[in-house]
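Residue numbers (our numbering): 2 to 247.
We put the CB at the ideal spot given by N, CA and C, even for glycine.
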Amino acid sequence: MRKLAAGNWKMNGLTAQLPEVTALIAAHPAPACEVLLCPPATLVAAMAATAAGRIAIGGQDCHPKASGAHTGDIAAAMLKDAGATYVILGHSERRADHGETDALVRAKAEAAWAAGLTAIICVGETEAERDAGKTLTVIGTQLAGSVPDGATSANTVIAYEPVWAIGTGRTPTLPEIAEVHADLRARLTARFGADAGGFRLLYGGSVKPSNATEIFALPNVDGALVGGASLKASDFGAIVAALSAA
Ligand code: PEP
2 MRKLAAGNWK MNGLTAQLPE VTALIAAHPA PACEVLLCPP ATLVAAMAAT
52 AAGRIAIGGQ DCHPKASGAH TGDIAAAMLK DAGATYVILG HSERRADHGE
102 TDALVRAKAE AAWAAGLTAI ICVGETEAER DAGKTLTVIG TQLAGSVPDG
152 ATSANTVIAY EPVWAIGTGR TPTLPEIAEV HADLRARLTA RFGADAGGFR
202 LLYGGSVKPS NATEIFALPN VDGALVGGAS LKASDFGAIV AALSAA
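Right, here's the structure in full:
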């Protein structure tokens, strides 16, 4: 399994930020992990051209339909055509801001695969759900509902992102992260058998250079989905280096 350092630029980034990609590649020309950046849709083509295959590029969402009258939406094939090979689906910000359901995320994942993209499917509990002791139940429900039956270790990556840890500087304890990742692996094994061992399970939520090494040392953590710290080549590069060394 090749571990994955994935950056999510969210609604940040203009062409003026493309030199961050050049700097990242220059600082880490041969990482021992896969490196992915997911810029806003407006930058996918330009970033793919800048990356020239040295790192992977992904989208942050796609529509479940292949084409049609859906003003403002983007089809998976359009991302692929622009140079993307991955797409993030079901991020908690999309679940919250756009009311995305597990069923919709599942349909988007099937659309992503049909276009030849790898789907990064996000799951995670709110703080209230964690406080109520419902973390594993919530994540199990999201996983069952959001991941289509056709998922394989090649076409799907799972990202565990506690909603309360995203962009807050707070993270679960290391045992809490390990507990969720072990549960994710067990659920995938129950559903997909031996291939489940090959699924990459990313942790996301306030990963930064100072905590990356200890998180990457945990069992069943096969990389990270990084928001804020992916915007600067120096920070993201340090996380890439930590994953490469794990
Ligand atoms: C994210 O948006 O997926 C994320 C994990 O953000 P941050 O790293 O900023 O918490």
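Check	Outcome
Candidates Gly141, Lys4, Gly194, of which the one nearest glutamate 180 by Cα	Gly141
First through last residue of the beta strand (DSSP E) which encompasses alanine 53	Taken as a continuous stretch (DSSP letters only), alanine 53 belongs to no beta strand (DSSP E), as it is neither H nor E.
Residues near leucine 139 in its chain [Cβ-Cβ closer than 6 Å; skip 5 each side]	Per the sequence shown, the amino acid found at residue 139 is valine instead of leucine. The answer, listed in chain order, is Glu126, Glu130.
Classification of proline 30 by the beta-carbon crowding that lies within 10 angstroms, buried from 16 upward	exposed
Proximal residues to arginine 107 (C-beta, below 8 Å), its chain only, five neighbours per side dropped	Gly146, Ser147, Val148, Pro149
Continuous alpha helix (DSSP H) assignments of at least 4 residues falling wholly in the stretch 131-168	136-147
Distance, arginine 192 Cα to aspartate 103 Cα	17 Å
Asparagine 221 - DSSP class collapsed to helix/strand/coil	coil
Leucine 203 vs alanine 7 beta-carbon contact at 9 Å	yes
Leucine 226 Cβ short of 8 Å to ligand 1 heavy atom set	yes
Every unbroken beta strand (DSSP E) within the stretch 175-210, with a cutoff of 3 residues, ordered by chain	201-205
Distance CB(alanine 120)-CB(valine 158) smaller than 9 Å	yes
Beta-bridge pairing of cysteine 34 - partner residues as DSSP gives them	In DSSP, cysteine 34 forms no bridge with anything.
Neighbourhood of serine 231 by C-beta distance below 6 Å, restricted to the same chain and skipping five residues each side	Gly8, Phe237
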